[in-house]
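Worksheet: one structure, shown below.
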């Protein structure tokens, strides 16, 4: 996948420009199994509902990674998540992209199958160019001639003796456009997704393709009078806001192929670009942008919000004096409402991983403003099976390890990271928005061994403290603080006094216990608010 300016070829090739250099040296072998690929990809038009239109996606591994496109390698293309933006009762989205394809090889080998299912009124979105590099006549033999001219090159494929005519990148795009229009359908061109590649030593500027494939796609779109979405620019600008460390989470294994996080980001960028098109009828099939009227609702001018995220020890039934309570639901009682509001967004039964995967964290992230505080407490639900049962555990520890698991509940593949990785994500995202993340060890359980209260100091407590120290953020050892208070109660007043702090079991708190926890948290929060 080359993004460098071409060099001139020797006179034997009549001064046709040399193919783009493959700078990344990433080989996607899916084209070597075209029969398997054709079986894995949808039958063109098979998703059509009645006379509804179909949106066909044409692209490479950045749109659909791997032959099966199911995330079994930990990588996802943005085409997997793009259907989420459309009303499926009005239009269906079919992802016909295939890893390893260039504009040339997709046109030569796969386009006919796709075009056979295209009808009048359908749409075809095309994002190709990442693989338009390497030799013209050997190996993958997938390079197109750089530029948008009318140059052609007759080649003989060295391995097979097959005769081929090679066209420019722009000419292949014109072919897609002309043939789509001939079916009465509507083509849209997109520039390439950005790579995890920085143009400056300080990692503040993402490399663009604005002088090569992005420019050429834009020029062809203007010439052929079709819509153009600068996906490269939209996502690159986001990456620059995210910063180097977060951008690393957007990719998996290499610098080109996206993780689920990166694929979702690119899908959102494609939808944003589509919404920005003038007089494009495809926008009428998009779902309305859902406004979050809940998260951050308590905000008033000049007053920060203290957000809490966690599990049932942070938010529970919280209904009356006899119910189970989370400390986040009584925290506001110990914070001056004139200084800050408190919003408890914890959810019972959640691990750090679940809070991210289910989209709960995204709502907090989107609502954060500079000066806010985010209280982060997980650990109670972060052990146990990873891909069976409740499917909520992470890998143990704080390292950068990850592993792809197949979930038993639905057969889907998921990359799972360490407990510490998810904490770092919360911290990184909060800092990006100018908020103050506070990491909290999870509350102690009402379990005693030989008269001593159980501690988590060797696992989740230690990992939480380690991440807080590494990231230089405030840390509240709630497990230790409350554990010592409960130990003192047990030693001087008896276990019955301790039991009053819990409700129904050894993990969940009564209102009295919730207040005990909240007072300790509030002491640190108030110090942070005073320091502003």
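Residue numbers (our numbering): -4 to 527.
We treat Cβ as the ideally placed atom computed from N, Cα and C, and that holds for glycine.
In this structure, residue 118 keeps its C-beta atom at 7 Å or more from the C-beta atom of residue 261. Between the C-alpha atoms of residue 443 and residue 489 there is a straight-line separation of about 12 Å. In summary, residue 157 is exposed, with fewer than 16 beta-carbon neighbours lying within 10 Å of its beta-carbon over all protein chains present.
For residue 159, the enclosing beta strand (DSSP E) stretches over residues 158 to 162. Here the segment 356 to 373 does not lie against the segment 390 to 404, with fewer than 3 beta-carbon pairs under 8 Å apart. Annotation for residue 151: 132, 157, 158, 159 place their beta carbon closer than 8 Å to its own, counting only its chain and skipping 5 residues before and after. Excluding its 5 nearest sequence neighbours in each direction, residue 451 has C-beta neighbours in its own chain below 6 Å: 474, listed in chain order. For the segment 130 to 217, the continuous beta strand (DSSP E) assignments of 3+ residues that do not extend past its boundaries occur at 147 to 151, 158 to 162, 181 to 185, in sequence order. Across the structure, residue 240 and residue 246 are spaced so that their CA atoms are roughly 11 Å apart. Our two residues, residue 78 and residue 253, have alpha carbons roughly 17 Å apart in a direct line. Annotation: the continuous alpha helix (DSSP H) that includes residue 458 extends over 455 to 466. Within the segment 481 to 518, no run of beta strand (DSSP E) at least 3 residues long lies entirely inside it. Residue 65 and residue 93 have their C-alpha atoms roughly 12 Å apart. Look at the segment 371 to 426 and you find these whole runs of beta strand (DSSP E), each 3 residues long or longer: 397 to 401, 408 to 412. Ranked by how close their Cα comes to the Cα of residue 38, the residues 358, 105, 126 have 105 in first place.
When DSSP states are grouped into helix, strand and coil, residue 319 belongs to the coil group.
The bridge partners DSSP lists for residue 122 are 54.
Around the C-beta of residue 289, fewer than 16 other C-beta atoms lie within 10 Å, and the residue is accordingly described as exposed. Counting only the Cα atoms, residue 338 lies some 6 Å from residue 303.
Counted as a single uninterrupted DSSP element, the stretch harbouring residue 334 is not any alpha helix (DSSP H), since DSSP gives it neither H nor E.
Excluding five sequence positions before and after residue 312, the CB atoms of its chain that fall closer than 8 Å to its own CB belong to 318, 319, 320, given in chain order.
It is roughly 41 Å from the alpha-carbon of residue 135 to the alpha-carbon of residue 388. With 16 or more other Cβ atoms from the protein chains shown falling within 10 Å of its own Cβ, residue 376 counts as buried. In the DSSP assignment, residue 261 falls within the alpha helix (DSSP H) that extends over 255 to 270. Between residue 123 and residue 179 the beta-carbon gap is near 22 Å, outside 8 Å, which marks them as no contact. Closest option to residue 445, judged by alpha-carbon separation, among 349, 485, 431, 236: 485.
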